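Colleague: If you read the sequences in order, they're chains A and B.
Just so you know, the first sequence maps onto residues 1 to 126 in our numbering.
Just so you know, the second sequence maps onto residues 127 to 252 in our numbering.
A single structure is presented below for examination.
Protein chains: 2
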Amino acid sequence: MYTIRDVSEKTGLSAHTLRYYEKEGLLSSVERTPGGFRQYTDEDLEALGLICCLKNTGMNLREIARFVHLAQEGDKTLKERVALLREHRESVIARMNEMREYLDKVTRKLEYYSEMQRAYESAGER
Amino acid sequence: MYTIRDVSEKTGLSAHTLRYYEKEGLLSSVERTPGGFRQYTDEDLEALGLICCLKNTGMNLREIARFVHLAQEGDKTLKERVALLREHRESVIARMNEMREYLDKVTRKLEYYSEMQRAYESAGER
DNA sequence: GATTGACTTAGAGTAAACTTTAAGGTTTAT
DNA sequence: ATAAACCTTAAAGTTTACTCTAAGTCAATC
């Protein structure tokens, strides 16, 4: 069992953000101590791992919440979850290909600038 | 010479966004007709190409504006611009590597789910 | 020359994802 | 037993990047 602070340190998400995620339905039914403090389990940590993974590949919180809700409904939503993940995967791959192209353009610009800079500096030396 | 509408169509940015970018200093001194309408040149289009490229690789508008301002100051800022682009390039590469790892995780999750789904469906057939 | 449609501005509004605040209850260490 | 640290909630505030609105000006066509 982990406190919100433990989980914050493990995940890199702030305690504020963890509460916010719970409120938004990204994390379901976190246990509480008799005093009302959150007690996270290993399963919660694992769920957070997937949440971060989806978030960091560009899925928005609403979609993540939808995914989590499907998971709660059990095996009958497996097909839908697979479809959702597959679609997300495709969009991430597309995004990465797009970025690769843009990166090439940045690289070319950089080479052009480096060349200009060399010319400028050697002109200054004279 | 292009109208704001032409440029909107060519770049995929809305006319609103083009005006906004200009206001934020991303695009400098767009020419006007006697009546006050914007007239974009080919150089403006090229500058917008670089802006979109930087934006689509995750640079925020403030940094892009800074880059544009440096470019306006001429050759003496070449070194700084090279440094800025180089740093950006590194961060894009890091981002892509990170995404690749997250994508692998999504892929593994997807494979696991697909397997579960197959098992679930074959159980349903019985 | 009047109508229509595109353009102008300043400024308000929006969405997403936090982040902070205020007011108060709980645990732990001294 | 009391202070310090940590937790609770609801709700307001922030940031980024737009997006829309209102009121008016300009250009092209009938």
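Idealized CB from N, CA, C, for every residue including glycine.
Owing to the predicted nature of the structure, the values given are computational and were not obtained by experimental measurement.
Could you check how far apart the C-beta atoms of B:Leu139 and A:Lys109 are, in whole angstroms? I think they sit under 8 Å.
Modeller: Actually they are not in contact, since the Cβ atoms of B:Leu139 and A:Lys109 sit about 20 Å apart, beyond 8 Å.
Colleague: Given that A:Thr107 touches chain B, what residues does it touch there, using C-beta distances under 7 Å?
Modeller: Those within 7 Å of A:Thr107 in chain B are Arg215.
Colleague: Given that A:Gln117 touches chain B, what residues does it touch there, using C-beta distances under 9 Å?
Modeller: Residues of chain B passing the Cβ test: Asp201, Leu204, Lys205, Arg207 and Val208.
Colleague: Determine the direct distance from the alpha carbon of A:Leu70 to that of B:Leu144, and round the result to whole angstroms.
Modeller: Using only the alpha carbons, I get a separation of about 40 Å.
Colleague: Closest Cβ-Cβ distance between B:Val218 and chain A: below 8 Å?
Modeller: Yes, contact with chain A.
Colleague: Using the beta-carbon count (16 or more within 10 Å), is B:Thr167 buried or exposed?
Modeller: B:Thr167 should be labelled exposed.
Colleague: Consider the Cβ of B:Asn182: report whether some Cβ of chain A lies at a distance smaller than 8 Å.
Modeller: Yes - at least one Cβ of chain A is within 8 Å of the one on B:Asn182.
Colleague: Whole angstroms are fine: how far does the CA of B:Gly162 sit from the CA of B:Asn223?
Modeller: Their backbone Cα atoms lie some 47 Å apart in a straight line.
Colleague: Identify whether A:Glu22 lies in helix, strand or coil by the three-state DSSP scheme.
Modeller: It is helical.
Colleague: Chain B partners of A:Glu98, CB-CB under 8 Å?
Modeller: Under the 8 Å cutoff, chain B gives Asn182.
Colleague: Let me know the alpha helix (DSSP H) ranges lying completely inside the segment 156 to 236 of chain B, each 4 residues or longer, listed in chain order.
Modeller: You should have 168 to 182 and 187 to 198.
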